[in-house]
Structures are given as structure tokens and as C-alpha cells.
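What follows is a short report on a single structure.
Protein chains: 2
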Amino acid sequence: MMKAYSAMTRDELKAARDQELKAYDQLKAKGLKLDMSRGKPGAEQLDLVIGLQSVIQTNEDCFDGSLDCRNYGTPMGIPSCRQLWADLLGVRVEQVMVGGNASLNLMYDTIARAYTHGLLHSDKPWCKLDKVKWLCPVPGYDRHFFVTESFGFEMIPVPMDDNGPDMDLVEELIRDEAVKGIWCVPKYSNPTGCIYSDEVVNRLAAMKPAAKDFLIMWDNAYCIHEFEGDFVPFPDILSLCEKYGNPDMVVEFASTSKVTLPGAGVACMATSEANMKYFMKLMGFQTIGYDKMNQLRHVRFLKDKEHTLALMKRHAAVLAPKFQAVVDGLEREIGPLGFASWSHPKGGYFVSLEVMPGTAKRTVELCKEAGVVMTPAGNPFPYGKDPKDSNIRIAPSLPPKEELEAAVEVLCVCAKLAALEKLLAE
Amino acid sequence: MMKAYSAMTRDELKAARDQELKAYDQLKAKGLKLDMSRGKPGAEQLDLVIGLQSVIQTNEDCFDGSLDCRNYGTPMGIPSCRQLWADLLGVRVEQVMVGGNASLNLMYDTIARAYTHGLLHSDKPWCKLDKVKWLCPVPGYDRHFFVTESFGFEMIPVPMDDNGPDMDLVEELIRDEAVKGIWCVPKYSNPTGCIYSDEVVNRLAAMKPAAKDFLIMWDNAYCIHEFEGDFVPFPDILSLCEKYGNPDMVVEFASTSKVTLPGAGVACMATSEANMKYFMKLMGFQTIGYDKMNQLRHVRFLKDKEHTLALMKRHAAVLAPKFQAVVDGLEREIGPLGFASWSHPKGGYFVSLEVMPGTAKRTVELCKEAGVVMTPAGNPFPYGKDPKDSNIRIAPSLPPKEELEAAVEVLCVCAKLAALEKLLAE
Chain A
1 MMKAYSAMTR
11 DELKAARDQE
21 LKAYDQLKAK
31 GLKLDMSRGK
41 PGAEQLDLVI
51 GLQSVIQTNE
61 DCFDGSLDCR
71 NYGTPMGIPS
81 CRQLWADLLG
91 VRVEQVMVGG
101 NASLNLMYDT
111 IARAYTHGLL
121 HSDKPWCKLD
131 KVKWLCPVPG
141 YDRHFFVTES
151 FGFEMIPVPM
161 DDNGPDMDLV
171 EELIRDEAVK
181 GIWCVPKYSN
191 PTGCIYSDEV
201 VNRLAAMKPA
211 AKDFLIMWDN
221 AYCIHEFEGD
231 FVPFPDILSL
241 CEKYGNPDMV
251 VEFASTSKVT
261 LPGAGVACMA
271 TSEANMKYFM
281 KLMGFQTIGY
291 DKMNQLRHVR
301 FLKDKEHTLA
311 LMKRHAAVLA
321 PKFQAVVDGL
331 EREIGPLGFA
341 SWSHPKGGYF
351 VSLEVMPGTA
361 KRTVELCKEA
371 GVVMTPAGNP
381 FPYGKDPKDS
391 NIRIAPSLPP
401 KEELEAAVEV
411 LCVCAKLAAL
421 EKLLAE
Chain B
427 MMKAYSAMTR
437 DELKAARDQE
447 LKAYDQLKAK
457 GLKLDMSRGK
467 PGAEQLDLVI
477 GLQSVIQTNE
487 DCFDGSLDCR
497 NYGTPMGIPS
507 CRQLWADLLG
517 VRVEQVMVGG
527 NASLNLMYDT
537 IARAYTHGLL
547 HSDKPWCKLD
557 KVKWLCPVPG
567 YDRHFFVTES
577 FGFEMIPVPM
587 DDNGPDMDLV
597 EELIRDEAVK
607 GIWCVPKYSN
617 PTGCIYSDEV
627 VNRLAAMKPA
637 AKDFLIMWDN
647 AYCIHEFEGD
657 FVPFPDILSL
667 CEKYGNPDMV
677 VEFASTSKVT
687 LPGAGVACMA
697 TSEANMKYFM
707 KLMGFQTIGY
717 DKMNQLRHVR
727 FLKDKEHTLA
737 LMKRHAAVLA
747 PKFQAVVDGL
757 EREIGPLGFA
767 SWSHPKGGYF
777 VSLEVMPGTA
787 KRTVELCKEA
797 GVVMTPAGNP
807 FPYGKDPKDS
817 NIRIAPSLPP
827 KEELEAAVEV
837 LCVCAKLAAL
847 EKLLAE
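Line by line, the protein sequences are chains A and B. Residues 1 to 426, numbered by my numbering, are exactly what the first sequence covers, in order. Residues 427 to 852, numbered by my numbering, are exactly what the second sequence covers, in order.
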């Protein structure tokens with residue numbers, strides 16, 4: 001039976017520290033090389049979709065109805081792939097365009113277009129404004145924050161709880177006309193794994209921001225990514241925004257990066273038809289069309305929503321034991337010690353760990369020295385600054401299960417050591 | 427024996443006009459639906475590369491050396507594909523990154539980055555400047571001009587001759603610090619088909635523009651696209667710029683859009699290592715990596731430079747008769763009439779036709795009414811304004827040969843009719 005650190009005497013803490021140091025040195029001596037830093041699918045998942053590579057074989061296979069997918073054109077994407085995405089997201093096909101291999105690219109380009117040309121309801125391009133502010137629910141996705149940081153937006157953190165971002169604060173902040181948008185990962189949020197509640201989703205859709213060109217960047221990255229239980233239906237933000245009189249306030253993004261292949265999937269964007277018309281005009285300067293052959297390959301392989309959800313069950317069968325191993329490891333190794341807590345997601349790609357405040361950076365540093373790469377501490381916050389220095393994002397998908405167990409063991413020892421160092425330094 | 431229009435009396439012109447009107451009405455009555463508007467490969471060319479679709483079949487096939495091309499990462503592109511492009515362009519592999527399916531996208535993004543973040547040697551992003559001017563050799567590629575127009579650059583036309591842009595004028599114009607760059611299609615230029623002379627290429631590389639962040643956008647779209655004769659070696663602009671002390675002044679672009687598939691090829695960008703480092707840092711905000719599976723598919727299919735050039739010979743065998751049909755048709759139908767001239771390219775995708783000044787728009791309009799779609803007259807000029815209203819771009823690649831012959835017949839009748847209308851209105 002382990003004793004919580006808070007209940008230990010200084011001598012007990014010292015003894016615990018010495019014990020963890022010994023364990024740490026032993027682990028370090030193993031010369032491990034493990035990676036829990038990014039949400040990359042593992043080899044077993046990639047192997048699941050090898051069929052994707054051979055669904056197109058003949059010249060006749062290259063047509064989507066009468067459309068020759070090999071040639072230039074059709075910047076909105078091929079009809080069948082737009083339909084598949086419309087079905088997966090629960091939107092209308094007219095609201096969907098299918099792009100290249102990365103939703104991040106579509107997201108960056110959307111922000112870039114707002115910056116260079118403005119949005120549908122902008123008075124001028126955002127680059128002509130003195131100040132653009134942006135709401136960042138935290139902890140959140142580091143690559144989102146890198147995009148808005150790169151354009152010089154002032155990022156304002158908004159705390160998240162199990163229901164999503166703090167809507168009282170959001171509703172207060174959007175009264176500032178300089179606040180132009182918000183990042184959202186509404187389902188199995190990166191990294192906490194929470195699903196935005198119906199109330200949060202409705203309040204977001206019903207917002208009346210001072211900025212008439214306010215934009216919700218709705219990154220539905222994990223829209224069908226349950227690893228525990230069946231597919232969970234989720235409200236369609238597009239029709240909700242429409243219902244509340246804000247039809248052009250949101251752009252939704254998704255991709256098959258974690259359905260088929262991370263580097264070679266298809267990404268999509270869904271928004272009001274008015275927005276779409278505006279974006280497609282600007283997109284017409286940038287490209288003659290995205291890779292339609294890969295779109296076709298995907299439709300032939302994924303077939304329809306039902307068949308796609310069946311594939312997700314096969315991914316789940318690979319992922320669930322990995323997430324279980326993380327949660328079990330944390331529970332066993334540090335649960336009783338009372339200084340840490342973590343999320344218990346049922347989908348998505350991350351476990352969000354809260355270690356003792358002031359020790360996240362140190363924990364990640366100790367991990368690195370012992371050969372375990374974690375996402376840099378602070379990354380889930382704008383400018384990489386976690387005010388409490390307590391959040392660590394765990395990405396269990398890439399390592400095989402045995403490696404993952406070893407990595408979690410290292411992480412736990414490092415979290416304990418960092419906590420003990422801090423307690424003893426006080 | 428036809429008589430030149432300039433040698434005809436007014437009555438003869440009237441008789442000719444009546445005859446062409448009759449011919450035009452007959453053609454119109456056929457209800458044709460033909461397209462010579464864009465440089466799209468025809469079905470026969472697309473069929474040549476069906477092997478591309480089945481070169482990857484097994485999980486083991488998905489590796490480029492030890493790199494798993496299915497997963498995230500490697501934003502510079504896979505090593506073997508970068509090497510192939512380095513060989514094709516005659517540059518070093520360190521200078522090459524391979525992107526997605528469209529070089530236009532890479533070009534737009536390069537200009538966009540200059541606008542939003544600035545180039546390596548910029549004092550500030552171009553969006554923070556009062557004025558950006560840009561040199562546009564004319565006639566040129568309409569999509570280039572659309573990009574620079576969309577960012578509000580002031581485009582300055584620079585006349586082209588058989589050796590490339592007028593370098594005396596270019597050297598004069600770059601003394602203005604607001605002039606930030608130039609578009610170039612150096613080999614089989616779009617649409618004139620000329621190859622920049624060694625003198626022009628050297629003078630471009632040796633320029634000393636007032637703007638220290640001046641950029642040559644070197645769109646080598648037709649780098650291996652001979653349809654008559656063998657591959658013509660072409661100077662490497664990167665090493666020439668380096669030689670003249672301007673290593674960071676140029677970015678080169680190319681793609682397999684007209685080697686494999688127009689919508690599903692791979693595009694690349696080549697530039698100095700200093701530029702590349704700068705661009706990759708910014709690109710890191712936009713994407714985790716381009717589609718490496720398609721890059722791998724291309725390397726497996728194209729193999730190497732020699733094998734790629736052999737494929738280009740097969741494209742040439744399809745294209746050469748089409749270009750011949752255009753040139754023969756023009757020679758036969760309007761050559762003796764003395765009011766028009768046209769290019770005789772040995773590579774690339776276009777024939778550039780000069781009709782009687784003041785009649786290009788009318789000619790294209792007449793074509794459209796008779797069911798033949800041409801690139802809008804004026805498009806090869808900034809803002810769509812051909813000052814002489816005489817240039818028409820002919821794209822012979824898409825229609826099958828019989829359709830092409832019919833389309834050229836229509837074009838010739840329309841050009842004659844427009845010329846006669848003009849002569850009779852004077």
C-alpha cells in the first residue's frame with residue numbers, strides 16, 4: 001500500500017526520492033529509445049489499410065461517374081468523396097470540399113486567407129488590422145497555436161473542463177472586436193479527450209461576437225475516432241450556427257489521417273455555401289484542384305459511412321489496449337501517491353496528464369534523459385507556456401504495447417522524481 | 427492561290443467576308459463542342475501511365491529505404507523522389523523539396539509567404555509595404571498573373587521575343603526598389619514556346635535589383651517536355667545565381683503534371699539551402715508533410731531520369747501530330763492571307779497565335795458562339811489586358827486529332843471573319 005506524498009514526513013520523502021532515483025538510474029541504463037510525443041498511428045494500424053493501394057488498377061477505374069479523376073480541375077473534390085464526408089460529418093454535400101492529404105494545411109490556408117484577403121464578412125484583410133486576438137481553449141493542440149502565433153495573433157487562453165471551453169469567459173472575451181476567432185477540437189479534444197457538451201456547442205453556435213467576421217475553427221479531427229464503444233453521434237455545428245443566425249461563423253475540418261494513412265489521406269472542409277463560394281474563388285488562385293485520384297482511392301476503399309465505421313472498430317481494437325496500458329500504468333505507479341491526475345478518454349489520440357504543478361517541464365526533461373520522448377511540456381498552451389507547468393500530453397498510439405509499457409514506467413518514475421525534488425526543495 | 431487581305435480591294439474584302447460568313451454559319455450549324463482552352467493532356471496520354479496506380483501493393487512496398495511513407499513527417503519529401511527531381515532539374519538534392527500534386531500551389535504559397543512573413547532577406551512582410559510591383563513577361567501564363575493580382579501587386583508587362591523577356595527593360599525596371607520579382611517560364615514558355623537564350627538566363631541570374639529580397643519565380647513547367655527531337659539540356663538557374671552572387675534570388679518549380687497525371691502528380695521546389703531552411707520553417711506551420719505515398723509511387727514508376735525521358739518520348743508521339751495539325755491548319759487556312767503569325771514550338775503545351783490587332787477578343791467570341799472554347803483573349807497579359815488585342819493561346823493537347831482539326835478550322839474562319847469585319851469597318 002503506497003502512501004500519498006502529502007501524507008509523508010520529510011524523511012519519508014527523502015527515502016522515496018532515493019528509491020525513485022535508483023529506479024531512474026536503472027531505467028536510464030537500459031538505453032531506451034521510446035516515443036510518446038505525437039499522435040502517430042502505429043505500424044499495425046497502417047497495415048490495416050494496405051488495400052487502399054490497389055483499389056485502382058485500370059484506366060476505367062479512374063472515373064468517378066463520368067469524371068476522369070486523372071486530369072486537372074474539380075477543385076471542390078470528386079462528388080463521391082464529398083458525399084462520403086458529408087455522411088461522416090452529418091452535413092450537406094454542398095457544404096463540403098475535399099482537399100489534399102492534410103487538414104492542417106486547409107486550416108492554415110483558411111487563416112492565411114483571412115490574413116491576406118479577409119473573410120466573407122471582413123471589412124479588410126486581417127493583415128491590415130493593428131491587432132488580431134484569438135481564443136485558445138487550453139490545454140489544446142500545439143499545431144493550432146503555432147499557426148495563429150505565426151501570423152502574430154495575440155492568443156488568449158481559455159480554460160477547458162470536461163464539457164469544453166469555459167463559455168462564460170468566451171462570451172465575455174468576444175465582446176472585444178479584436179477577438180476574431182477560436183480554435184476548437186470538439187470531439188475527443190486534443191489532448192484532454194473531452195467531448196464538448198450540447199450546451200457548450202449550442203452556446204458556441206449562438207455567440208454574438210463583436211467582430212462580424214469572427215470564425216470558429218472547428219477541427220473535428222476525431223469525429224469517428226472512438227476506441228471504446230460505438231460511434232457517438234455529435235451535433236452538426238454548421239446547422240446549429242445557421243439556426244442561431246450565424247451561418248458563416250464556422251468552418252469545420254476533418255481528415256482520414258487516422259482512418260487510412262497519416263501522410264496520404266484526404267482532408268475536407270465544410271462550411272456554409274456562401275463561405276464556400278467565397279473560399280473557392282480565392283482557392284482558385286492557389287490550385288487547379290487537389291489530388292482526385294487519392295480521393296477516388298479513398299471512396300473505393302472506404303465505400304460508405306457504415307464501412308468506414310467498421311474500419312474504425314479495427315483501429316479501436318489496436319488502440320484500446322494501448323490506452324488501457326497507459327491508464328493502468330499511471331493508476332498502478334502514481335495513482336495512490338495523490339499528486340497527479342489524468343484523463344480517461346474513450347476516443348481520440350491522447351491522454352492528458354496533470355502532474356504536480358511546477359514539475360511538468362522537469363518530468364519531460366527527465367524522460368528525455370532516460371530515452372523517452374514526450375511532447376514538450378507547455379506545448380498544449382499558447383506560446384508554449386503552461387502557467388501551472390503541470391500538463392503533459394501522452395500519445396500512446398505509435399509504440400508497440402511492450403514499448404509503451406516501458407515508456408509509461410519511465411514517465412511515472414520521472415513524474416515521481418520531479419514531484420519529490422520539488423517537495424524536498426520547498 | 428489566296429491573296430493577302432492587305433492587297434485586296436474593298437469589294438474583294440466584302441466578297442471574302444460574305445464567303446467566310448457562310449462558312450461560319452455552316453460550322454455553327456454543326457453544333458460543335460470543342461475545347462482548346464487549357465493545357466490539359468488528352469486521354470491517350472493519361473492512359474500511358476496507368477502503371478502508376480499499381481506499383482505499390484504490399485505493406486513492404488510502402489518504404490523508401492527505412493522510411494515508412496505512410497506515416498506523418500518528412501516535409502521535404504522522400505529522399506528518392508528528391509533525388510529524381512534533382513537529376514531532372516540538374517540541381518543538388520539538398521536544394522530540392524517535393525510537395526503535393528501541384529506546382530501552382532507551391533508557387534502561390536511562396537508568394538503568400540513573402541506577403542505574410544517576408545522572404546529570407548526581407549525587412550518586413552510584403553503586406554506591410556505600401557506597394558509591391560512585379561514583372562510579367564508577356565504573353566505569359568494567366569495563372570501566374572492571377573496569383574500576383576490576387577495579392578494586389580502592381581504588375582508590369584515586359585515584352586518577350588524568341589530569346590525570352592526584354593532584358594534591357596528588365597534591368598531598367600529593377601532599379602525601382604518596389605519591384606520585388608518576376609515570373610519566368612524559361613523553357614517552352616507558356617504560351618510562346620520560346621526557350622530563354624543563354625544570354626537572357628545569364629543576365630537574369632546576374633541582376634542586381636534594388637530590392638534585396640527580389641525573387642525570380644522560375645516555373646520550369648516544361649523542363650523535359652520536348653515533343654520534337656531529343657531532350658534539350660538547359661542551364662541550372664540556381665548555380666548561375668550563386669555564381670553571380672545572388673544565391674537566394676531564385677526559386678524553381680516543376681511537376682509531373684504533364685509527365686504522369688495532371689491532377690495527381692508530384693510537384694517540387696528547388697532553391698538555395700539558405701532559402702530552403704527559411705521556407706521549411708514557415709512551411710512547418712502549414713503542414714506535417716505532403717503525400718509521401720504518391721511521391722513513392724512516382725519514383726517506383728518513373729525510376730530515374732533516363733526512364734522518365736523515355737516516357738516523355740511516348741507523350742511526344744501523341745502530342746507532335748496534334749501540334750502539327752494546328753500549325754498545318756493555320757498555314758493552310760490563313761497563312762497566305764498575311765494578317766496573322768504564330769509560334770512553331772518544339773516542346774511545351776501551346777501555340778501562340780497573333781491575329782490582326784484589335785480582333786483577338788472578337789475571334790475568341792466568334793469561336794465560342796460556334797462551340798469552340800479558347801482561353802479568353804487577353805489572359806496571357808496582366809489584368810487580362812492585351813494592349814494590341816491580338817494574342818490567342820492555342821492548347822492542342824486535350825482534343826483527339828479529328829476534333830482538333832475541326833476546332834482549328836473554326837478558329838481560322840473566326841480569325842478571318844474578325845479581320846475582315848475590322849478591315850471593312852475602317
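All C-beta atoms, glycine included, are put in the ideal place defined by N, C-alpha and C.
Residues of the region 393 to 407 of chain A that bring their beta carbon within less than 7 Å of a beta carbon in chain B are absent altogether. The contact set of F285 of chain A on chain B, defined by CB atoms closer than 7 Å, consists of Y534, F572, V573 and S576 in chain order.
Using a CB distance cut-off of 8 Å, Q750 of chain B does not count as an interface residue toward chain A.
Among the CB atoms of chain A, none fall inside 8 Å of the CB of K787 of chain B. With respect to the C-alpha of D494 of chain B, the residue from B:L722, B:C838 and B:A786 having the closest C-alpha is B:L722. Straight-line measurement puts the Cα of V98 of chain A at about 26 Å from the Cα of V725 of chain B.
Shown here, I78 of chain A sits in coil according to DSSP, grouped into three states, outside any helix or strand. Annotation for C241 of chain A: the continuous alpha helix (DSSP H) segment containing it runs I237 to K243. If you ignore the 5 residues before and after F350 of chain A, its C-beta comes within less than 7 Å of the C-beta of G39, N190, P191, G193, R393, I394 and A395, all in its own chain and listed in chain order.
In the DSSP assignment, N294 of chain A falls within the unbroken alpha helix (DSSP H) covering K292 to L302. In the structure shown, N163 of chain A adopts coil according to DSSP, grouped into three states.
The DSSP-derived three-state label of V49 of chain A is coil. Pairing T574 of chain B with Y115 of chain A gives a Cβ-Cβ distance that is not under 8 Å. Inclusion of P262 of chain A and Y498 of chain B in the CB contact set at 8 Å is warranted, their separation being smaller than that value. Contact note: D291 of chain A reaches chain B through G526, N527, G689, A690, D717 and N720, using a C-beta cutoff of 8 Å and chain order. Annotated three-state conformation of D490 of chain B is strand, per DSSP. Residues of chain B with a Cβ closer than 7 Å to the Cβ of S54 of chain A are, in chain order, S480 and Q483. In terms of Cβ geometry, A796 of chain B and K448 of chain B do not form a close pair [threshold 8 Å]. Legend: CB atoms of the region 492 to 522 of chain B lying less than 9 Å from CB atoms of chain A belong to residues D494, C495, R496, N497, Y498, G499 and T500. L510 of chain B sits buried, since 16 or more C-beta atoms from the chains shown fall within 10 Å of its C-beta.
The beta-carbon of Y115 of chain A is placed less than 8 Å from the nearest beta-carbon of chain B.
For T110 of chain A, no beta strand (DSSP E) segment is defined; the enclosing uninterrupted segment is the alpha helix (DSSP H) at S103 to T116. Straight-line measurement puts the Cα of L756 of chain B at about 60 Å from the Cα of D142 of chain A. Straight through space, the alpha carbons of V138 of chain A and P387 of chain A are spaced by roughly 11 Å. Where G181 of chain A is concerned, the enclosing beta strand (DSSP E) starts and stops at V179 to C184.
Counted as a single uninterrupted DSSP element, the alpha helix (DSSP H) harbouring M709 of chain B occupies residues E699 to Q712. Put simply, the backbone Cα of E228 of chain A is about 29 Å away from that of N294 of chain A.
Between K606 of chain B and L641 of chain B, the beta carbon gap of about 6 Å places them in contact (Cβ cut-off 8 Å).
Straight across, the Cα-Cα distance linking G590 of chain B with W609 of chain B is about 12 Å. D645 of chain B and H741 of chain B have their C-alpha atoms roughly 20 Å apart.
A residue is called buried when at least 16 other Cβ atoms come within 10 angstroms of its Cβ; Q712 of chain B meets this threshold and is buried. Rounded to whole angstroms, the gap between the alpha carbons of R496 of chain B and S54 of chain A is 15 Å. Selection B:R601, B:C793, B:C649 and B:P661 evaluated against D624 of chain B yields B:P661 as nearest (Cα-Cα). With its beta carbon at least 8 Å from every one in chain B, A221 of chain A lies outside the interface. According to the DSSP assignment, R314 of chain A belongs to no beta strand (DSSP E) but to the alpha helix (DSSP H) extending over K305 to E333.
Counting along the chain, the unbroken beta strand (DSSP E) around A254 of chain A starts and ends at V250 to S255.
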